[in-house]
Amino acid sequence: MIGKLLNYFYLKVYQNGRVLYRQQQEISFREKYSINDSFRFNGENILFYGDGSIICGRNSYIGELSTVLACDGCKVEIGNNCSISHNVRIYTQSKTADQDFSKSSLINKANVIIEDYAWIGANVFINPGVVIGKNSIVGANSVITKNVPMNAIFGGVPAKLIRMKSSNA
4 MIGKLLNYFY
14 LKVYQNGRVL
24 YRQQQEISFR
34 EKYSINDSFR
44 FNGENILFYG
54 DGSIICGRNS
64 YIGELSTVLA
74 CDGCKVEIGN
84 NCSISHNVRI
94 YTQSKTADQD
104 FSKSSLINKA
114 NVIIEDYAWI
124 GANVFINPGV
134 VIGKNSIVGA
144 NSVITKNVPM
154 NAIFGGVPAK
164 LIRMKSSNA
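Numbers 4 to 172, taken from the numbering used here, label the letters of the sequence shown in order.
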């Protein structure tokens with residue numbers, strides 16, 4: 004009986020500690036970056052980092068296990084009313100693929116912009132220099148290597164246009 008009570012007690016302490024850690028982490032993100040008060044961190048293990056600028060608009064959210072890197076001199080901008088699912092990776096810096104890594108290490112650095120009303124599915128990777136247009140959709144498990152136009156539905160590896168949204172919807 005006492006063992007069960009101790010286990011219950013330790014479980015509650017652990018759970019409360021995780022909640023406090025998550026709240027403190029969100030406070031630190033809001034202090035370092037420009038994040039609207041209505042922006043939501045939906046879940047645990049969300050990481051915003053880097054010496055660049057991260058700007059998050061009104062009524063948007065990002066899901067559990069997601070990572071946003073804004074390297075020095077670059078920005079990630081998430082517009083208003085955006086839905087970013089879990090396990091999404093957004094980076095403003097990566098190595099340039101078309102090079103001989105034994106001789107050089109060229110770095111690609113560029114902003115990432117997600118315009119208003121965009122919907123990003125789960126497990127999406129967004130490369131540096133990409134603009135995801137207003138009211139567009141990126142399907143789950145996609146790798147975004149080029150701009151997504153407004154009102155487009157993109158998906159795949161690498162992501163390609165699936166179709167444009169109907170104007171009647």
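Ideal placement from N, C-alpha and C gives every residue a C-beta, glycine not left out.
Measuring C-alpha to C-alpha distances from Gly-66 to each of Ile-30, Ser-37, Ile-123, Gly-159 identifies Ile-123 as the nearest.
DSSP places Lys-112 in the strand class (E or B) of the three-state scheme. DSSP places Ser-41 in no alpha helix (DSSP H); its state is neither H nor E. The closest CA to that of Glu-80, considering only Asp-103, Asn-45, Gln-102, Ala-121, is found on Ala-121. Take Met-167, set aside five residues on each side of it, and the residues of its chain with a beta-carbon closer than 7 Å to its own are Asn-154, Ala-155, in chain order. Our two residues, Glu-29 and Ser-105, have alpha carbons roughly 40 Å apart in a direct line. Per DSSP, Tyr-64 lies in no alpha helix (DSSP H); the unbroken beta strand (DSSP E) holding it starts and ends at 64-66. Under the three-state reduction of DSSP output, Gly-124 falls in the coil class, being neither helix nor strand.
Burial of Tyr-94 is indicated by the presence of at least 16 other C-beta atoms within 10 angstroms of its C-beta.
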